[in-house]
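Engineer: Under our numbering, the first residue of the sequence shown carries the number 410, and numbering increases by one thereafter.
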Amino acid sequence: MIERSYISQEEINRQMAVADRLNTELADRCLLYYVETFGCQMNVRDSETIRGILERIGYHESPDKEHADFILFNTCCVREHAEKRLMGNIGSLKDLKDEKPSLIIAVCGCMMQQKDVAKRLLRRFPHVSLIFGPNVLFRLPEMLASVLEGHRTAVTSEENYAIAEGLPQFRDNPRSAFVNITFGCNNFCTYCIVPYVRGPERSREMSDILSEIESLTLSGVTEITLLGQNVNSYGKDLPEGSFSRLLNEANKIPGLKRLRFMTSHPKDLSDDVIRAIAENDQVCHHVHLPVQSGSNAILKKMNRKYTREQYLETICKLRKAVPDIEFTTDIIVGFPGETEEQFQETLSLVDEVGFAAAFTFAYSPRAGTPAAKMSDQIPESVKKRRLSELNALQSKKTVENNAKYVGVEDVLLVEGYDDRSGETILHGKFQNFKMVYFPGKKDLMNQYVLVRVLSLKNNSLIGEQINE
Ligand code: 5AD
Ligand code: SF4
């Protein structure tokens, strides 16, 4: 565990003073930004801070890349295809930059924390003028000032893991918000790049988290998702405080209706946390619990520190304590050395648990991680076949899981709509994460609505609004 430290208030004030100076200098230019975010909720959350800083500088959001004066890609490096996609995206902006030389193209996020990738990107794309890693985003005002003065700026792979509090935020959703509780990860699963790019695990002070939630609920937010690579180990680096205590305290905040959290590591999901889920009214009955594999031998090689049996026992305990709980998971197929039998063990676990949904991945070697050096890599064709077998099984399980909901009436929070067919179809989630689609008016967006589930369509639940 590293010593937790904070970016000083003086430094934050200094950055904000630079932002305010730029705001005055750029006041007559009506500048627009476009931020594209890849990867996980951490990145979505970081983009909200980036947008907050850009707004403070005086930029406003652009509806598309073509009108933007500042384009930023917030990148992910968890799997390889993200890198290819990013390179394609940046390449395609060259013409735009030729037409508008004042355009600033910037790249940030986890991928920029990998020294060799950052170097390659700078060499290959001279039209990129700013790159920075996730742990220095508080320095965006200063970095942008340097770019505006004509300097190509790169601040990457810095080993500064101090926490920055009190930065501006720009959140889109008036009802639902992400709140960071930990940064980084100490687990070093052998396939995973995250501990190398996001640094060691650090918990925010509980008082900072609770006051952020309080100010969000005061502004009308009713659904909070607590974010961390492993939320269950929250507080291990604090004198007092644990994840269950945080849930108990957050649950008391007036105005809060739904308290979610992700991601849970099976090895750290304690009985206290199970109790906190069962006993706190606002804590949602959903756990995202990545299992990764159903084979003990593979779990060991992955350094996951739990067995299939322990995982199943945790699921069992949670179901006993919280009967309507739903689980989602992450699964990797084709980890080095995975035999056909071991893959079958993953299928049998998926069959046994009955996840509401699973995010499934073919193993992707990440340079610098132990698994990438393992000699028994699985051919792509085998990974692909296993992935489609797993997806077929999960689809069947999703339909089975959905079938339980036909006839159910419950409240959902509307989070999106689709009106391409001419009719507006809204969608939203029950508190336990089940998504339902139903016809309705767009003005129900971000509202809580009572819905009855009527039928299943492919992998989805279809319902109707009931008037209370
Ligand atoms: N290859 C494939 N999937 C991976 N994940 C993380 N690293 C890799 C990798 N190298 C998956 C895990 C994790 C999710 C966020 O991404 O399942 O839980
Ligand atoms: Fe990666 Fe494992 Fe940490 Fe999750 S717990 S971020 S998979 S190292």
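The beta carbon of each residue, even a glycine, is placed where N, CA and C say it ideally should be. Just so we're clear, the structure is a prediction, and the values are computed from it rather than from any experiment.
Please name the residue, chosen from Thr591, Glu735, Leu435, Thr626, that lies closest to Asn582 on a Cα-to-Cα basis.
Structural biologist: Checking every option, the nearest Cα to that of Asn582 belongs to Thr626.
Engineer: How many whole angstroms separate the CB atoms of Val564 and Phe541, which I take to be in contact at a CB cut-off of 8 Å?
Structural biologist: With 8 Å as the limit, Val564 and Phe541 qualify as a contact, their Cβ atoms being about 4 Å apart.
Engineer: Quick one, what's near ligand 1 if you take every residue whose CB is closer than 6 Å to any heavy atom, in chain order?
Structural biologist: Here the residues come out as Val487, Arg488, Tyr600, Cys601, Pro699, Gln701, Asp739, Ile741, Phe770, Tyr772, Ser773, Arg775.
Engineer: Who are the Cβ neighbours of Tyr442 in its own chain at under 8 Å, not counting the five residues just before and after it?
Structural biologist: Once the five neighbours on either side are set aside, the close Cβ partners of Tyr442 are Arg460, Leu463, Tyr468, His469, Glu470, Ser471, Ala477, Asp478, Phe479, Ile480, Leu481.
Engineer: Report the partner residues of Ile633 according to the DSSP bridge assignment.
Structural biologist: Answer by DSSP bridge pairing, in chain order: Ala586, Leu668.
Engineer: Any residue with its C-beta under 6 Å from a non-hydrogen atom of ligand 2 counts. Can you list them all in chain order?
Structural biologist: The set, ordered by position in the chain, is Cys594, Asn596, Phe597, Cys598, Cys601, Val603, Pro604, Gln638, Asn639, His674.
Engineer: Note down, in chain order, each residue of its chain lying with its Cβ closer than 8 Å to the Cβ of Asn689, except the 5 sequence neighbours on either side.
Structural biologist: Result list for Asn689: Leu656, Asn657, Asn660, Leu668, in chain order.
Engineer: So within the segment 417-457, which uninterrupted alpha helix (DSSP H) runs reach at least 4 residues, ignoring any that extend past its ends?
Structural biologist: Qualifying alpha helix (DSSP H) stretches, in chain order: 418-434.
Engineer: Buried or exposed, going by whether 16 or more other CB atoms sit within 10 Å of the CB of Lys493?
Structural biologist: The residue in question, Lys493, is exposed, as its Cβ has fewer than 16 Cβ neighbours within 10 Å.
Engineer: Between the segment 593-600 and the segment 707-715, are three or more C-beta pairs nearer than 8 Å?
Structural biologist: Short answer: they touch.
Engineer: Contact check, Glu445 vs Ser773 under 8 Å by CB: the rounded distance?
Structural biologist: With a Cβ gap of about 21 Å, Glu445 and Ser773 do not count as contacting.
Engineer: Would DSSP call Gly831 helix, strand or coil?
Structural biologist: DSSP places Gly831 in coil when its eight states are reduced to three.
Engineer: Where does Gln874 fall in DSSP's three states?
Structural biologist: Here Gln874 sits in strand by DSSP.
Engineer: Buried or exposed: Gly743, going by 16 or more other Cβ atoms within 10 Å of its Cβ?
Structural biologist: Buried: at least 16 other Cβ atoms inside 10 Å.
Engineer: How long is the line joining the alpha carbons of Ile421 and Ala573, rounded to whole angstroms?
Structural biologist: The straight-line gap from Cα to Cα measures roughly 8 Å.
Engineer: Alpha carbon to alpha carbon, how far is Thr778 from Cys485?
Structural biologist: About 16 Å.
Engineer: Hey, would you say Pro550 sits closer than 8 Å to Leu431, going by beta carbons?
Structural biologist: Result yes, Cβ atoms of Pro550 and Leu431 sit closer than 8 Å.
Engineer: Going by DSSP, what residues sit across from Asn470 in a beta bridge?
Structural biologist: One point to set straight first is that residue 470 is Glu, not Asn, in the sequence displayed. In the DSSP output, where bridge partners are listed per residue, Glu470 has Tyr442.
Engineer: Taking three-plus beta-carbon pairs below 8 Å as touching, is the segment 728-740 in contact with the segment 760-769?
Structural biologist: Segments in contact, yes.
Engineer: Could you give the residue range of the beta strand (DSSP E) that holds Asp739?
Structural biologist: Where Asp739 is concerned, the enclosing beta strand (DSSP E) stretches over 735-742.
Engineer: Hey, quick one: how far does the beta strand (DSSP E) through Met844 stretch, first residue to last?
Structural biologist: Looking at the DSSP string, the run of the beta strand (DSSP E) that includes Met844 is 844-848.
Engineer: Classify Gln578 as helix, strand or coil using the three-state DSSP reduction.
Structural biologist: In this structure, Gln578 counts as coil in the three-state DSSP scheme.
Engineer: Scan the segment 475-525 and note each continuous alpha helix (DSSP H) run of 4 residues or more that stays entirely inside, going in chain order.
Structural biologist: Whole alpha helix (DSSP H) segments, 4+ residues: 489-500, 503-508.
Engineer: Helix, strand or coil for Ser555? Go by DSSP, reduced to three states.
Structural biologist: The answer is helix: DSSP assigns Ser555 an H, G or I state.
Engineer: CB-CB under 6 Å to Ser642, same chain, minus the five flanking residues each way: which ones, in chain order?
Structural biologist: The residues are Asp677.
Engineer: For Val516 and Leu505, which I take to be in contact (beta-carbon distance under 8 Å), what is that distance rounded to the nearest angstrom?
Structural biologist: Contact doesn't hold; Cβ gap of about 15 Å is too wide.
Engineer: Whose C-alpha, out of Gly831, Val545, Lys528, Ala780, is nearest the C-alpha of Val537?
Structural biologist: Of the listed residues, the one whose Cα sits closest to Val537 is Lys528.
Engineer: When you compare the CB positions of Gly872 and Glu809, do they come within less than 8 Å of one another, or not?
Structural biologist: Cβ atoms of Gly872 and Glu809: not closer than 8 Å.
Engineer: What are the residues that DSSP puts in a beta bridge with Lys838?
Structural biologist: Leu822, Met844.
Engineer: Helix, strand or coil for Lys661? Go by DSSP, reduced to three states.
Structural biologist: Coil.
Engineer: For the alpha helix (DSSP H) containing Tyr857, list its first residue and its last residue.
Structural biologist: Premise fails: Tyr857 lies in the beta strand (DSSP E), 857-866, not in any alpha helix (DSSP H).
Engineer: Note the first and the last residue of the continuous beta strand (DSSP E) segment covering Val564.
Structural biologist: Element bounds for Val564: 562-564.
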